[in-house]
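K.L.:
The working numbering applies: residue 35 is where the sequence shown begins, and numbers increase by one. C-beta: ideal position from N, C-alpha, C; glycine also. Pasting a structure here, questions to come.
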Amino acid sequence: MAGKILITGGTGLVGTRLTEMLIDSGYEVAHLSRQPNNFSRYKAFRWDLKQNYIDDHAINWADYIINLAGASVGDEKWTDERKKEILNSRVHGTNLLYNCLKNTPNHVKGFLSASAIGIYGNTGEQLITEESPYAADEFLAEVARNWEKAAWQMHELDVRTVIFRIGLVLSNLGGALPQMAKPVKMMAGAPLGSGKQYMSWIHIDDLCRLFIKAIEEQQFNGVYNAVAPNPVTNEEFTKALAEVMHRPLIVPKIPAFGVKLVLGEMSEVVLGGSRVSSAKVLHTGFTFEYNSVEEALESFYHQEA
């Protein structure tokens, strides 16, 4: 089964763990990088979005491409400039890959792209499937829509195309979880806003296993929600985190206006939410190692006292 996997965004949170797990599974892995050098841990080919450039050898080398590259949504306030960067880093990169695949002889058998459940917007308690409508006027939904449109072009080239709408990725090495754990550790943790907004999450290892399964099994085609089977509310998540870390929750809920004051438009990431179904992924026969949020959090914080 093993083959050559080219990853964009390979040094990010998911890309780093996925690279390790692919190599453990016997695959060869290379990254697309703006500054490949001889000291990189992994083979790397150069690409540069500003110059519209990809090293042709990368496309010739690859059996599969995993597309994870994109500027972080949660690192900085959403100025107009930052929003442009968040969108362009995803769409331009994917378009560049499409053009390169179209115009360069290659033997790429599959294209797997990240997207996000942000495409559904804030949907309350309604259970959301892959067929649910997109949110009309939310920034993250617009980003995901355009990202998927760019990724789906690969299908026109007769390349098997899989798009994963990824939920909140849980890892203690980055992303949202360490930020959420910090106040809990200092006994200042609290649900955000109403606390009733749903968080559809996935353990980073399960997400990486899902990518590997989609490489190996032809049945994967089209769009899938990459979320664990049991979404929880923000309040349930915060309580589970406090319990696993053996900390009391003393602080009452943090009001929505306070969150908006600090985060501005970016507050839609934490105050909104959607209850997303994993049924389609489960129907492929994929089994989650971490079905409950307690199990997932326990895997990171079981030694906390």
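If you follow the alpha helix (DSSP H) that His189 is in, where does it begin and where does it stop?
P.N.:
Your numbering for residue 189 matches position 155 in the sequence shown. Looking at the DSSP string, the run of the alpha helix (DSSP H) that includes His189 is Phe173 to Glu190.
K.L.:
Bridge partners for Tyr98 per DSSP, in chain order?
P.N.:
Translated into positions along the sequence shown, residue 98 becomes position 64. Answer by DSSP bridge pairing, in chain order: Ile39 and Gly144.
K.L.:
Return the Cβ separation of Leu283 and Ala224 in integer angstroms, given the expectation that the two are a contact with Cβ distance under 8 Å.
P.N.:
Residue 283 sits at position 249 when you count from the first residue of the sequence shown. Residue 224 sits at position 190 when you count from the first residue of the sequence shown. Between Ala224 and Leu283 the Cβ distance is about 7 Å, and since that is below 8 Å, they are a contact.
K.L.:
Using alpha carbons as the reference points, say which of Leu211, Leu316, Lys230 and Val296 lies closest to Ala260.
P.N.:
Here residue 260 corresponds to residue number 226 of the sequence shown, with the count starting at 1. Taking only the C-alpha atoms, the option nearest Ala260 is Leu316.
K.L.:
For Ser311, which residues in the same chain have their Cβ closer than 7 Å to its Cβ, ignoring the five residues on either side in sequence?
P.N.:
Locating residue 311 in the sequence shown gives position 277, where the first residue counts as 1. Contacts found: Leu161, Ile162, Thr163 and Asn259.
K.L.:
Quick one: grab the DSSP three-state call for Ala262.
P.N.:
Taking the first residue of the sequence shown as position 1, residue 262 is located at position 228. The answer is coil: DSSP assigns Ala262 none of H, G, I, E or B.
K.L.:
Within 8 Å, do at least three Cβ pairs link the stretch 125-140 to the stretch 229-245?
P.N.:
No, they do not touch.
K.L.:
Could you say if the stretch 74-81 and the stretch 246-265 meet the contact criterion of at least three C-beta pairs nearer than 8 Å?
P.N.:
Cβ pair count under 8 Å is below three, so no.
K.L.:
If you scan the stretch 186-231 from start to end, which runs of the beta strand (DSSP E) of 3 or more residues do you find wholly inside it?
P.N.:
Runs of the beta strand (DSSP E) inside the stretch 186-231: 194-200 and 202-204.
K.L.:
Please report the distance separating the alpha-carbon of Gly46 from that of Leu102.
P.N.:
Residue numbering aside, residue 46 sits at position 12 when the sequence shown is read from its first letter. Residue numbering aside, residue 102 sits at position 68 when the sequence shown is read from its first letter. If you take the alpha carbons of Gly46 and Leu102, they lie about 8 Å apart.
K.L.:
For Arg357, is the classification buried or exposed, using 16 other Cβ atoms within 10 angstroms of its Cβ as the cut-off for buried?
P.N.:
The question about residue 357 has no answer here: the residues shown for the chain are numbered 35 through 339.
K.L.:
Tell me Tyr87's beta-bridge partners as DSSP assigns them.
P.N.:
Indexing the sequence shown from 1 puts residue 87 at position 53. DSSP output for Tyr87 lists Asp82 as bridge partner(s).
K.L.:
State the beta-bridge partners of Thr272 as determined by DSSP.
P.N.:
Taking the first residue of the sequence shown as 1, we reach residue 272 at position 238. DSSP, once it has assigned bridges, lists no residue as partnering Thr272.
K.L.:
Within a Cβ cutoff of 7 Å, which residues of the same chain sit near Met221, ignoring the five residues on either side of it in sequence?
P.N.:
Taking the sequence shown and counting its residues from 1, the one referred to as residue 221 is at position 187. Hits under 7 Å: Arg281, Pro282 and Ile284.
K.L.:
May I ask which residues mark the beginning and end of the alpha helix (DSSP H) holding His126?
P.N.:
Along the sequence shown, one-based indexing puts residue 126 at 92. It spans Asp114 to Asn137 - the alpha helix (DSSP H) in which His126 sits, taken as one unbroken run.
K.L.:
Can you tell me which of the three DSSP states Glu165 falls into?
P.N.:
If you number the sequence shown from 1, residue 165 lands on position 131. The answer is coil: DSSP assigns Glu165 none of H, G, I, E or B.
K.L.:
Quick one: what does DSSP say Val310 is sitting in, helix, strand or coil?
P.N.:
Position 276 of the sequence shown, counted from the first residue, corresponds to residue 310. Strand, per DSSP.
K.L.:
What are the residues that DSSP puts in a beta bridge with Thr342?
P.N.:
Examination of residue 342 is not possible in this model, given that the chain is present from 35 through 339 alone.
K.L.:
With burial defined as no fewer than 16 other Cβ atoms inside 10 Å of the residue's Cβ, what is the status of Asn206: buried or exposed?
P.N.:
On the sequence shown, residue 206 is found 172 positions in, with the first residue counted as 1. Counting Cβ neighbours within 10 Å, Asn206 comes out exposed, since fewer than 16 surround it.
K.L.:
Using alpha carbons as the reference points, say which of Gly292, Ala185, Ser166 and Trp95 lies closest to Ser149.
P.N.:
One-based indexing of the sequence shown puts residue 149 at position 115. Checked all of Gly292, Ala185, Ser166 and Trp95; the closest Cα to Ser149 is Ala185.
K.L.:
Please classify Pro286 as buried or exposed, where buried requires at least 16 neighbouring CB atoms within 10 angstroms.
P.N.:
Walking along the sequence shown from the start, residue 286 turns up at place 252. Classification of Pro286: exposed, given that the 10 Å Cβ count is below 16.
K.L.:
Label Leu241 either buried or exposed according to how many other C-beta atoms from any shown protein chain fall within 10 Å of its C-beta, with 16 as the threshold for buried.
P.N.:
The sequence position of residue 241 within the sequence shown is 207, counting from 1. Buried, because 16 or more other Cβ atoms sit within 10 Å of the Cβ of Leu241.
K.L.:
So, under 8 Å CB-CB, Ile197 and Ser147 are touching, yes? Tell me the CB distance rounded to an integer number of Å.
P.N.:
Locating residue 197 in the sequence shown gives position 163, where the first residue counts as 1. Locating residue 147 in the sequence shown gives position 113, where the first residue counts as 1. So it is a contact: roughly 5 Å between Cβ atoms.
K.L.:
Report all residues from its chain with a CB closer than 6 Å to the CB of Thr138; omit the five preceding and five following residues, and keep chain order.
P.N.:
Within the sequence shown, the letter at position 104 stands for residue 138. Contacts found: Asp90 and Ile93.
K.L.:
Does DSSP classify Leu297 as helix, strand or coil?
P.N.:
Translated into positions along the sequence shown, residue 297 becomes position 263. Correct three-state label for Leu297: helix.
K.L.:
Can at least three beta-carbon pairs, one atom from the stretch 47-67 and one from the stretch 112-122, be found at a separation below 8 Å?
P.N.:
The stretch 47-67 vs the stretch 112-122: no contact.
K.L.:
Measure from the alpha carbon of Gly144 to the alpha carbon of each residue in Ala169, Leu202 and Glu190, then state which is nearest.
P.N.:
For the purposes of this step, residue 144 is taken as residue 110 along the sequence shown, with counting starting at 1. The residue with the shortest Cα to Cα distance from Gly144 is Glu190.
K.L.:
In the DSSP output, which residue or residues are listed as bridge partners for Ala64?
P.N.:
As a first step, residue 64 is located in the sequence shown; it is residue number 30 there, counting from the start. For Ala64, which the question treats as bridged, DSSP gives the partners Leu40 and Lys77.
K.L.:
Under three-state DSSP, which class holds Ala150?
P.N.:
Indexing the sequence shown from 1 puts residue 150 at position 116. Reduced to three states, the DSSP call for Ala150 is strand.
K.L.:
Within 10 angstroms of the Cβ of Ile238, are there 16 or more other Cβ atoms? Answer buried if so, exposed if not.
P.N.:
Locating residue 238 in the sequence shown gives position 204, counting from the first residue. Label assigned to Ile238: buried.
K.L.:
Within 10 Å of its beta-carbon, does Gly43 have 16 or more other beta-carbons around it, so buried, or fewer, so exposed?
P.N.:
In the sequence shown, counting from the first residue as 1, residue 43 sits at position 9. The residue in question, Gly43, is buried, as its Cβ has 16 or more Cβ neighbours within 10 Å.
K.L.:
Considering Cα atoms alone, identify which of Arg199, Gln187, Met300 and His126 is closest to Ile153.
P.N.:
The residue you call residue 153 lines up with position 119 of the sequence shown. Among Arg199, Gln187, Met300 and His126, the Cα nearest to that of Ile153 belongs to Arg199.
K.L.:
Return yes when the Cβ of Val125 is within less than 9 Å of the Cβ of Val303, no when it is not.
P.N.:
Taking the first residue of the sequence shown as 1, we reach residue 303 at position 269. Taking the first residue of the sequence shown as 1, we reach residue 125 at position 91. No, the Cβ-Cβ distance between Val303 and Val125 is not below 9 Å.
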